[in-house]
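Read the structure below first, then the notes.
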Amino acid sequence: MLVSATEMLQKARAGKYAVGQFNINNLEWTKAILLTAQELNSPVILGVSEGAGKYMTGFNTVAAMVKAMDESLGITVPVALHLDHGSYEGCYKCIKAGFTSIMFDGSHFPIDENVAKTTELVNVAHGLGLSIEAEVGSIGGEEDGVVGAGECADPNECKMIADLGVDFLAAGIGNIHGKYPENWAGLSFETLAAVNEKVGDMPLVLHGGTGIPDDMIAKAISLGVAKINVNTECQLSFQEATRAYIEAGKDQQGKGFDPRKLLAPGFEAIKAKVKEKMELFGSVNKA
Ligand code: 13P
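Here it is in structure tokens:
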């Protein structure tokens with residue numbers, strides 16, 4: 057059931073668990089995530105970066121596929137279709153295409169410009185019943201062409217943006233997109249605690265979920281994180297399973313070259329990864 061992400065994240069914040077945002081790339085990804093959410097009776101957020109939207113031939117294609125798949129599979133758990141790290145123009149495209157949630161990433165603008173653009177988009181999104189995420193500080197590394205230095209968010213700026221009426225807020229707390237380097241200093245819980253204190257009961261978003269140790273995930277949830285984004289880990293699971301299939305020569309046995317067979321191990325690997333994360337985040341049976 058396609059919905060905005062507001063209610064599921066307010067419930068998660070109050071119930072001290074987090075809903076996973078899993079990024080989608082194609083039909084297999086989308087089907088694997090939707091089926092797993094339904095099997096585990098968990099709410100879920102499908103994240104679409106601008107690059108992934110382009111890859112799938114545009115946000116209209118993505119929205120049409122997700123809507124049709126949600127109906128055809130008889131998905132009854134709450135599902136939000138969410139733009140990940142959206143530009144100003146990208147937000148409008150997704151609103152038009154029928155997404156149920158958007159992220160406006162204005163973190164690279166001076167704070168006044170971030171405030172002005174976020175204010176406008178909050179009004180438009182809410183007028184149409186969509187939820188909206190904003191970002192302060194930045195997430196290190198690169199997410200599909202969006203590069204961040206990884207500076208920790210200023211809690212006062214977080215309050216400014218939270219007060220504009222956004223539904224959930226991403227604050228940079230030393231998190232990084234992609235794999236964490238060996239010398240990673242870990243999440244800044246000092247920053248997270250200070251942000252949490254400033255923004256009341258606003259659900260906070262933890263980007264860069266790949267590779268964050270379980271104890272840090274639990275601590276982040278205890279400090280107000282209600283949405284955790286995972287992308288790279290699903291990609292790595294898919295890659296490993298596909299590599300194993302080909303290295304075992306299975307693509308050359310019988311009709312092993314059939315794309316439905318070739319992609320099946322990767323599909324199952326994404327399902328297993330999403331299940332592992334939903335259990336870790338505590339969203340199972342919270343639909
Ligand atoms: P990872 O690729 O590190 O899991 O990050 C995903 C993310 O934060 C998407 O916005």
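Residue numbering for the sequence shown follows the numbering used here, starting at 57 and increasing by one per position. Here a beta-carbon is modelled for each residue, glycine too, at the ideal position from N, C-alpha and C. These numbers were taken from a predicted model, which means no experiment stands behind them.
Between the C-alpha atoms of ALA93 and ALA328 there is a straight-line separation of about 11 Å. For ALA320, the enclosing alpha helix (DSSP H) starts and ends at 320–337. Relative to ILE167, the option among GLY228, CYS214, THR62, GLU106 whose CA is nearest is CYS214. DSSP, read as helix, strand or coil, puts LYS235 in coil.
In this model, ASP161 and VAL203 are separated by some 11 Å (Cα to Cα).
DSSP places PHE294 in no beta strand (DSSP E) but in the uninterrupted alpha helix (DSSP H) bounded by 288–303.
For the stretch 192–227, the full-length alpha helix (DSSP H) segments reaching 4 residues or more read 211–218 along the chain.
Under the three-state reduction of DSSP, LYS317 is assigned to helix. Taking C-alpha positions only, ARG316 is separated from PHE78 by approximately 22 Å. Relative to the ligand 13P, GLY230 has its C-beta separated by 7 Å or more from all heavy atoms. For the ligand 13P, a non-hydrogen atom lies closer than 7 Å to the CB of ASN287.
Per DSSP, GLY154 is not a residue of any beta strand (DSSP E), being assigned neither H nor E.
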